[in-house]
Amino acid sequence: MVQIPMKTSGPLNRQTILSINQKRVQRPATSQTILASNTSKPLCDTASQRPTQTTVQPAPIIRDPILQKPIPQLIHPMQKGQKLSLESKGPLSKIKACLGWNVTNNACDVDVSAFLLNADGKVLGDSWFVFYGQEQSPDKSTVFFTDSGADLEIISVDLQKLNTQVKKMVFVLTIHEALEKHLNFSMIKDAYIRIIDQTSNQELASFQMDEYYSNVTSMMIGELYQHNHIWKFNAIGNGVARDLAGLCELYSVSVI
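All the letters of the sequence shown, read from the start, carry residue numbers 7 to 262 under this note's numbering.
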């Protein structure tokens, strides 16, 4: 059973709510304050001796800038639904799935996950799901880590260590607390995945999404799968209206 850790702070309690209210609510008006406000002298125009009106300008709304990260050059781009052999030039030993994206809403916190599936499309067990809260598979073949270089998050796979029952690995993008905060993939852009041969550091395949929908909260962007003992890549680009916990249920991961 997997526990998906929360990234946000704890809930508001009575003390924090009280302090917020004390900061935002002014004291009630009394007879003294009303009298003082009524007897205060208005500003006068010396020419007409009539009170002049002062215009109060509203405070400007300051929003955090949305930073955009350049997309690395994609050497072997694929179209949605296209499949490609990754071992046309010989067997692979280690690969990296490198992913990146940009957002149009700073509230979107995007995460990468990998589900390691058997021939029936189910995880081998609850621990065969790699993400920010469970960074390594039981056989130590698959590892999640963030990247400060060209990409944002990476999942590396040692195919020689990979459990032989794993026949497919699905790479997923999810938006943290998308359902609670009413976020969706229409607020995401430039999402891509590229598969790198770790031995040569050369790109084998890549896919950049060009379809973003407001009814999608999780995106299966691509998958590795084994066919006739050959590892291939499938550019999926299909989304669902599920959060990370919902995807876990889809692939038979028990979540608490």
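Beta carbons are placed, not taken as given, at the ideal position from N, Cα and C, and that holds for glycine.
| request: Report, in whole angstroms, the separation of the C-beta atoms of Ser94 and Thr205, which I expect to be a contact under 8 angstroms. | output: Not confirmed; about 15 angstroms, so no contact.
| How is Lys187 classed by DSSP in three states: helix, strand or coil? | helix
| query | Buried or exposed: Phe151, going by 16 or more other Cβ atoms within 10 Å of its Cβ? | reply | Counting Cβ neighbours within 10 Å, Phe151 comes out exposed, since fewer than 16 surround it.
| request: Can you give me the start and stop residues for the alpha helix (DSSP H) that Glu255 sits inside? | output: 250-256
| Between which two residues does the beta strand (DSSP E) containing Ala156 stretch? | That residue, Ala156, is in no beta strand (DSSP E); it is neither H nor E in DSSP.
| field | Proximal residues to Cys114 (C-beta, below 7 angstroms), its chain only, five neighbours per side dropped | value | Ile181, Leu189, Met193, Ile194
| Beta-carbon separation of Ile242 and Lys86 under 9 angstroms? | At the C-beta level, Ile242 and Lys86 come within 9 angstroms of one another.
| task | Output yes or no for whether 9 angstroms exceeds the beta carbon distance between Ala184 and Thr223. | result | yes
| task | With a threshold of 8 angstroms, establish whether the CB of Val261 neighbours any heavy atom of the ligand NAP. | result | Absence of the ligand NAP from the depicted structure is noted, as is the absence of any ligand whatsoever, leaving it without description.
| query | Between Arg248 and the rest of its own chain, which residues show a CB-CB distance below 6 angstroms, the 5 nearest in sequence each way excluded? | reply | Ser224
| field | Opening and closing residue of the beta strand (DSSP E) in which Phe239 lies | value | It spans 236-246 - the beta strand (DSSP E) in which Phe239 sits, taken as one unbroken run.
| query | How would you label Met7, buried or exposed, when you count the other beta carbons within 10 angstroms and need 16 or more for buried? | reply | exposed
| query | Gln79 and Asn108 look like a contact to me (Cβ under 8 angstroms); what is the Cβ gap, rounded to whole Å? | reply | 16 angstroms between Cβ atoms; not a contact.
| message | I'd like the span of the beta strand (DSSP E) that includes Met225, first residue to last. | response | 224-233
| query | What number of angstroms, rounded off, separates the C-alpha of Leu90 from the C-alpha of Asp70? | reply | A straight-line Cα-Cα distance of about 41 angstroms links Leu90 and Asp70.
| Assigned exposure category for Gly155 - 16 Cβ within 10 Å defines buried | exposed
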